[in-house]
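First the structure, in the form of structure tokens, and then the observations on it.
Numbering (our numbering), first residue to last: 2 to 157.
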């Protein structure tokens with residue numbers, strides 16, 4: 002996310018993200034306060050059918066801990082990966098870098114398959130049954146969605 006036009010947007014995203022996660026932590030801490038021993042459970046004031054009331058009980062502890070763990074995970078994730086404006090993260094991961102590594106790996110694996118066809122002329126490649134089978138598989142994988150299974154295309 003380092004392609005922002007102005008540095009203000011990066012700062013804005015960073016502040017909004019950190020304030021949001023910090024608010025979630027604060028909310029968890031506020032809700033973690035239980036009742037004092039012997040204190041009566043109050044109601045929220047909501048009443049249905051004349052006798053059904055909604056009690057104001059604290060959240061279960063396991064729920065609060067799960068929410069706190071989620072907030073801690075969010076801070077760790079934002080520190081390790083790019084998620085705070087122009088900050089690249091401590092691991093230096095990026096979509097572009099991952100894409101380039103995957104393309105290099107595929108090119109490395111596919112280069113021996115295509116090397117022999119690069120040295121031949123087009124009519125010889127077209128006559129080779131193995132090359133035609135590879136081309137058919139590639140067409141069915143990458144091209145058929147737009148061009149159709151019979152290469153006539155699709156409407157629209």
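Every residue gets a Cβ at the ideal spot worked out from N, C-alpha and C, and that includes glycine. Predicted model only: the values in this text are computed from it and were never measured.
Can you give, in chain order, each stretch of the alpha helix (DSSP H) that sits fully within the stretch 97-154 and has at least 4 residues? 123-128, 130-139, 145-148
Can you name, in chain order, every residue of its own chain whose Cβ lies under 6 Å from the Cβ of residue 59, other than the five neighbours on each side? 35
Looking only at C-alpha atoms, which of 56, 14, 38, 123 sits nearest to residue 46? 56
When the Cα atoms are used, what is the spatial distance from residue 111 to residue 93? 28 Å
Residue interval of the alpha helix (DSSP H) (run including residue 60): Premise fails: residue 60 is in no alpha helix (DSSP H) and is neither H nor E.
What would DSSP say about residue 9, mapped onto helix, strand or coil? helix
Would you say residue 119 and residue 19 are within 9 Å of each other, going by their C-beta atoms? no
Between the stretch 47-54 and the stretch 69-89, can you find at least three pairs of beta-carbon atoms closer than 8 Å? no
Considering only DSSP beta bridges, list what residue 71 is partnered with. The partner list for residue 71 (beta bridge, DSSP) is empty, contrary to what the question assumes.
Residue 25 to residue 105, Cα distance in whole Å? 41 Å
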